[in-house]
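Peer 1:
Protein chains in written order, with the working numbering: chain Z, 1 to 158; chain D, 159 to 399.
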């Protein structure tokens, strides 16, 4: 512990020097000081499902601000329930405790990773229609997006 | 991200395991899964996942970039016999897998229909790949989906689910013990569903040759439809590495 503490202190010292050297023009220095998370959600889609009562939503969360945020949960007025899940090698688990949305990064909900499982969508999804998603963040409040219903085998260009 | 190379030590460390024969395919898979989990643990950390990932973490990639084999999937250092198992097909009739698919290339996946992400995306990738083949090629490959949740996946449920992907896809259901054994025989881990728990699906798709009816190529969840579309014509010709 002591050694780690010293190392940490040394690290902070170096960082301090670096920041001082950069002066106030360095965006990174400003950002790490106080600028808040700045969240946008893009590319939201719901592939048509082969299972009548179940669908999933995928999207990208971009945080261009200087502060970290956390996605606490997702709801949809069009679904009976919505749950954030993580696919594993052989199954999936519900995500508890939210999802970190770090500063200056994009956090993806994408196939074979995180998704939002939507149960009993009503009306049933049809090509080209939209499904409303409400994403609630710890610092940025609730952001509402429209996910576009896409073909079953749709994959976004990466 | 490094591709198939990290798996090789896992595969070679197989021989040091002293499991009994029946357990061997499982332990091999567990080793594979372990290295996948380790790799994806790093990945998830890198993208800041807050999801409590466990040793079964998501998103491996079996795509071979070593240039050693003509396949984009992982060419297996050992083969697996096509399971000689009789299950129930989606019309409710008995179906012997080895007999009915003999002499054709086969893509085999174990999964369940009430599955939000990996099962439909895997079958969707296979469907897109098959749609890119010529008519003649399409007739030389069977895509087989064996249910890991046979209590839910009745023949008619399987049929309507598979029809969303490709009406020619073969769906099999039956006794879970028989299915678990068939899966283990090709190195795929399947467990019986438990009440209140999400069922499991196979972590991999296996590609079989028509010449010897053995699995030679493996795909994990990192595989894309393009990898299947590239490889199925080679599998049809039983091209060896």
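Backbone N, C-alpha and C define an ideal beta-carbon position, used for all residues, glycine too.
Quantities reported herein were computed from a predicted structural model and do not represent experimental measurements.
#1: Determine which residues share a DSSP beta bridge with residue 372/D and list them.
#2: Rounded to whole angstroms, what's the CA-CA distance from residue 300/D to residue 68/Z? Just pull it up for me.
#3: Which residues in chain D sit within 8 Å of residue 115/Z, going by Cβ to Cβ distance?
#4: Assess, as a yes-or-no matter, whether the stretch 270 to 284 of chain D is touched by the stretch 297 to 317 of chain D under the definition of 3 or more beta carbon pairs within less than 8 Å.
#5: For residue 390/D, name the three-state secondary structure that DSSP assigns.
#6: With which residues is residue 365/D paired in a DSSP beta bridge?
#7: Could you work out which residue in 56/Z, 70/Z and 59/Z is closest to residue 37/Z when comparing CA atoms only?
#8: So, with DSSP's three-state summary, where would you put residue 313/D?
#9: Who pairs with residue 46/Z in a beta bridge, going by DSSP?
#10: Report yes or no: is there a C-beta of chain Z within less than 8 Å of the C-beta of residue 169/D?
#11: Let me check understanding here. Comparing Cα to Cα, which of 59/Z, 91/Z and 47/Z lies closest to residue 108/Z?
#12: If you draw a straight line from the C-alpha of residue 213/D to the C-alpha of residue 113/Z, how long is it?
#13: So residue 134/Z and residue 142/Z are supposed to be a Cβ contact under 8 Å. How far apart are they, rounded?
#14: Would you say residue 41/Z lies against chain D (beta-carbon separation less than 8 Å)?
#15: In or out: residue 149/Z buried (at least 16 other Cβ within 10 Å) or exposed?
#16: Pull up the distance between the alpha-carbon of residue 79/Z and that of residue 370/D, whole angstroms please.
#17: Taking Cβ positions only, does residue 313/D come closer than 8 Å to chain A?
#18: Give me, in chain order, the residues of the same chain whose beta-carbon lies closer than 8 Å to that of residue 53/Z; leave out the 5 immediate sequence neighbours on both sides.
#19: Along the chain, where does the beta strand (DSSP E) containing residue 329/D start, and where does it finish?
#20: Quick check on the DSSP output: the beta strand (DSSP E) that includes residue 301/D runs from which residue to which?
#21: Should the stretch 250 to 257 of chain D be regarded as contacting the stretch 342 to 356 of chain D, the criterion being three or more beta carbon pairs within less than 8 Å?
#22: Nearest-angstrom Cα distance between residue 39/Z and residue 99/Z?
#23: Take the Cβ of residue 259/D as the centre, count every other Cβ of all protein chains shown within 10 Å, and call the residue buried at 16 or more, exposed below.
#24: Looking at C-beta atoms only, is the number of pairs between the stretch 226 to 233 of chain D and the stretch 285 to 300 of chain D that lie closer than 8 Å three or more?
#25: Compute the Euclidean distance between the alpha carbons of residue 281/D and residue 105/Z, then round it to the nearest angstrom.
#26: Measuring alpha carbon to alpha carbon, tell me which of 398/D, 390/D and 399/D ends up nearest residue 294/D.
#27: For residue 58/Z, list the residues DSSP reports as bridge partners.
#28: Could you tell me the alpha carbon to alpha carbon distance between residue 366/D and residue 373/D, rounded to whole angstroms?
#29: Can you grab the Cα-Cα spacing for the pair residue 35/Z / residue 103/Z, in whole Å?
#30: To be precise: take each residue of the stretch 374 to 389 of chain D, compare its Cβ to all Cβ atoms of chain Z, and keep it if any distance is under 7 Å. Which residues remain?
#31: Does any C-beta atom of chain D lie closer than 8 Å to the C-beta of residue 111/Z?
#32: What residue from 241/D, 393/D, 388/D and 396/D has the CA that sits closest to residue 330/D's CA?
#33: Can you name the start and end residues of the beta strand (DSSP E) that residue 134/Z belongs to?
#34: Unbroken beta strand (DSSP E) runs of length 3 or more, entirely within the stretch 71 to 129 of chain Z: which are they?
#35: Taking residue 89/Z as the reference, which of 269/D, 261/D, 248/D and 243/D has the closest Cα?
#36: Buried or exposed for residue 239/D, please, with buried defined as at least 16 other CB atoms from any protein chain shown within 10 angstroms of its CB.
Peer 2: Let me spell this out:
#1: Stepping through the second chain from its first residue, residue 372/D is reached at position 214. Residue 372/D is bridged to 239/D.
#2: Position 142 of the second chain, counting from 1, holds the residue named residue 300/D. Position 68 of the first chain, counting from 1, holds the residue named residue 68/Z. So the alpha carbons of these two residues sit roughly 48 Å apart.
#3: Against the first chain, residue 115/Z aligns to sequence position 115. Correct list: 274 and 275.
#4: Yes: the two stretches touch, three or more of their Cβ pairs being nearer than 8 Å.
#5: Here residue 390/D corresponds to residue number 232 of the second chain, with the count starting at 1. Taken through DSSP and simplified to helix, strand or coil, residue 390/D comes out as helix.
#6: Residue mapping note: residue 365/D aligns to position 207 of the second chain, counting from 1. Partner(s): 265/D and 375/D.
#7: Here the question's residue 37/Z lines up with position 37 in the first chain. It is 70/Z whose Cα lies nearest to the Cα of residue 37/Z.
#8: Stepping through the second chain from its first residue, residue 313/D is reached at position 155. In this structure, residue 313/D counts as helix in the three-state DSSP scheme.
#9: By one-based count along the first chain, residue 46/Z stands at place 46. DSSP output for residue 46/Z lists 149/Z as bridge partner(s).
#10: In the second chain, counting from the first residue as 1, residue 169/D sits at position 11. Confidence at residue 169/D is low in this model, with a pLDDT of 35, below 50, so its placement is unreliable and no value can be given for it.
#11: Taking the first residue of the first chain as position 1, residue 108/Z is located at position 108. When only C-alpha atoms are compared, the closest one is 59/Z.
#12: As a position in the second chain, residue 213/D is number 55, starting the count at 1. As a position in the first chain, residue 113/Z is number 113, starting the count at 1. Residue placement at residue 213/D is flagged as unreliable, the pLDDT there being 31, under the threshold of 50; the coordinate-derived value follows with that caveat. Our two residues, residue 213/D and residue 113/Z, have alpha carbons roughly 14 Å apart in a direct line.
#13: Residue 134/Z sits at position 134 when you count from the first residue of the first chain. Residue 142/Z sits at position 142 when you count from the first residue of the first chain. In this structure, residue 134/Z and residue 142/Z form a Cβ contact; the two beta carbons are roughly 5 Å apart against a cut-off of 8 Å.
#14: For the purposes of this step, residue 41/Z is taken as the residue at position 41 of the first chain. Proximity of residue 41/Z to chain D, defined by a Cβ-Cβ separation below 8 Å, is not satisfied.
#15: For the purposes of this step, residue 149/Z is identified with residue 149 of the first chain, where counting begins at 1. By the neighbour-count criterion, in which 16 or more other beta carbons inside 10 Å mark a residue as buried, residue 149/Z falls on the buried side.
#16: Against the first chain, residue 79/Z aligns to sequence position 79. Against the second chain, residue 370/D aligns to sequence position 212. Rounded to whole angstroms, the gap between the alpha carbons of residue 79/Z and residue 370/D is 48 Å.
#17: Within the model displayed, chain A is absent; protein chains Z and D are what it includes.
#18: Within the first chain, numbered from 1, the residue matching residue 53/Z stands at position 53. Its chain contains 119 and 120 as the residues whose beta carbon lies nearer than 8 Å to that of residue 53/Z, once the 5 sequence neighbours on both sides are disregarded; these appear in chain order.
#19: By 1-based counting over the second chain, the position of residue 329/D is 171. That run of the beta strand (DSSP E) goes 328 to 331.
#20: Numbered from 1 along the second chain, position 143 holds the residue referred to as residue 301/D. Here the beta strand (DSSP E) through residue 301/D covers 299 to 305.
#21: Touching, no.
#22: Mapped onto the first chain, residue 39/Z falls at position 39. Mapped onto the first chain, residue 99/Z falls at position 99. When rounded, the separation of the alpha-carbon atoms in residue 39/Z and residue 99/Z is 13 Å.
#23: Position 101 of the second chain, counting from 1, holds the residue named residue 259/D. With 16 or more other Cβ atoms within 10 Å, it is buried.
#24: Too few Cβ pairs lie closer than 8 Å, so no.
#25: Counting from one through the second chain, the residue named residue 281/D turns up at place 123. Counting from one through the first chain, the residue named residue 105/Z turns up at place 105. In this structure, the CA atom of residue 281/D is about 31 Å from the CA atom of residue 105/Z.
#26: On the second chain, residue 294/D is found 136 positions in, with the first residue counted as 1. Of 398/D, 390/D and 399/D, the residue nearest in Cα terms is 390/D.
#27: Taking the first residue of the first chain as 1, we reach residue 58/Z at position 58. In DSSP, residue 58/Z forms a bridge with 45/Z.
#28: Numbered from its first residue, the second chain carries residue 366/D at position 208. Numbered from its first residue, the second chain carries residue 373/D at position 215. For residue 366/D and residue 373/D, the distance between alpha carbons rounds to 4 Å.
#29: To locate residue 35/Z, count along the first chain from 1; it is residue 35. To locate residue 103/Z, count along the first chain from 1; it is residue 103. Counting only the Cα atoms, residue 103/Z lies some 10 Å from residue 35/Z.
#30: So the list reads 379, given in the order they occur along the chain.
#31: Within the first chain, the letter at position 111 stands for residue 111/Z. Closer than 8 Å: yes.
#32: Here the question's residue 330/D lines up with position 172 in the second chain. Closest option to residue 330/D, Cα to Cα, is 241/D.
#33: Here residue 134/Z is taken as the residue at index 134 of the first chain, counted from 1. Element bounds for residue 134/Z: 130 to 137.
#34: Taking 3 residues as the minimum length, the beta strand (DSSP E) runs contained wholly in the stretch 71 to 129 of chain Z are 81 to 87, 92 to 94, 99 to 101, 105 to 109 and 114 to 119, in order along the chain.
#35: If you number the first chain from 1, residue 89/Z lands on position 89. Selected option, being the one with the closest Cα: 269/D.
#36: To locate residue 239/D, count along the second chain from 1; it is residue 81. Exposed: under 16 other Cβ atoms inside 10 Å.
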